[in-house]
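Take a look at the structure below.
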Amino acid sequence: MTFSKISLLFCLFLPVSAIAQVITPDTLQTVVPTDTAATDTTDADRNPDEAAQSDTVAASDPTGFHYKITADGTITAGNVNRALVQIGSSFDWAVSRLFRFASNPSFAYGRQNQLLNEREILADFRTTILQERRFYYLGFGAVEISNLRKIRQRLTGGGGVGYKLLSRKNAYLSVTNVLLYEYTDFITNSAEVKDINVLRNSTRVYGEYQWNNGRYSVTHTVFMQPALNQPNLRWNGNVAFQIRLTSLIGVRTSVQNSYESVVAAGRKNNDFRWTTGLILEVK
């Protein structure tokens, strides 16, 4: 099999955006396994009628380790030489009914015509307290590096509260509000753009819905993060639709938008990405 045929097979569904970036994963999300979309819901959080419904899942596995790894990308050669690889993962360790630890590290690498465009790295660590209750507490920290946005290093950390608006087998919806600290070191020689050192209030709405035994799923996340001590606003949102073809392979299309009022010199405030691709998923 020739290289062109291999590339065609791997890129059956190509990312269709001209701008690629890593949207910061849901750093406040309590990870929920996709095959049991509400395993962190207990009968104590539901009324008797709701608990008796077939679409509600009890916490049959309150502890344990779960993971998921996804990868997609595209390679083109000829008049335009371009390579883009994206890898995402989620790790969830429920130590007990009281504590849960989770992480969503991600990596993206892209080159076009022998020039480096994307090299996006994110590593985060989260802990959730009383995660089985409707009202819970959380804390987190994250490190981000972005060649696309000229960020040498971004450090964030904070804590707050979350509330589950809906927690069923095929539908999960939550809202969180936290106080976070951010330090961003830009890659720039411009005296006009200073490094960011702010306190933010972060409100996030997260939802996950699936049907046909998890074959089809939709997820969405919206963050609103105004600074409290200076004029500085960040917000981002994404919506993704996925169809599982086999236990390992699926098709996913997603729309993502990210806005930052303060950016490095020469960078735009808004980034938009629309991608459609084959997903290799390992659980």
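With mature numbering (1 follows the signal peptide of the UniProt record, and there is no 0) as the guide, the letters of the sequence shown map in order to residues -20 to -1, 1 to 263. Using N, Cα and C, we set each Cβ at its ideal position, and we do this for glycine too.
The continuous beta strand (DSSP E) containing I67 extends over residues R62 to A74.
Within the same chain, W73 and T107 come within 6 angstroms of F81 by CB-CB distance, once the 5 residues on both sides are set aside. Assignment of L225 by DSSP, reduced to helix, strand and coil, places it in the coil class. In the three-state reduction of the DSSP assignment, N216 falls in the strand class. Counting C-beta atoms within 10 angstroms of its own C-beta, Y186 has 16 or more neighbours from the protein chains shown and is therefore classed as buried. Here S238 is not near N212, since their CB atoms are 7 angstroms or more apart.
Taking C-alpha positions only, L110 is separated from T156 by approximately 14 angstroms. DSSP places I167 in no beta strand (DSSP E); its state is neither H nor E. Contact holds between the region 212 to 223 and the region 188 to 200, because three or more Cβ pairs, one in each stretch, are under 8 angstroms apart. Contact between A207 and V178 holds, since their C-beta atoms are separated by about 4 angstroms, short of 8 angstroms. A distance of 7 angstroms or more separates the beta carbons of D52 and L228. With a threshold of 16 other beta carbon atoms within 10 Å, N216 meets it and is buried. Here the alpha carbons of F79 and V141 stand approximately 14 angstroms from one another. Between T50 and R214, the alpha-carbon positions lie close to 26 angstroms from each other.
Within the DSSP bridge table, the entry for P206 names L213 as partners. Note on the region 113 to 150: whole beta strand (DSSP E) runs with a minimum of 3 residues are 115 to 126 and 131 to 147, in chain order. Each residue's CA atom was taken as its position, placing R114 and V65 some 37 angstroms apart. Between Q133 and D165 the beta-carbon gap is near 5 angstroms, inside 8 angstroms, which marks them as a contact. Put simply, of Q205, Q190, E98 and V231 the residue whose alpha carbon is nearest the alpha carbon of R148 is Q190. Boundaries cannot be given for Q111, as no beta strand (DSSP E) includes it and DSSP labels it neither H nor E. Sequence-distant partners of L146 (beyond 5 residues in either direction) whose C-beta falls short of 6 angstroms from its own C-beta, in its chain, are L153. Taking C-alpha positions only, T183 is separated from A88 by approximately 26 angstroms. Around M204, the same chain offers T183 and W215 as residues with beta carbons nearer than 6 angstroms, after the five sequence neighbours per side are excluded. For R80, the enclosing beta strand (DSSP E) begins and ends at F79 to S83.
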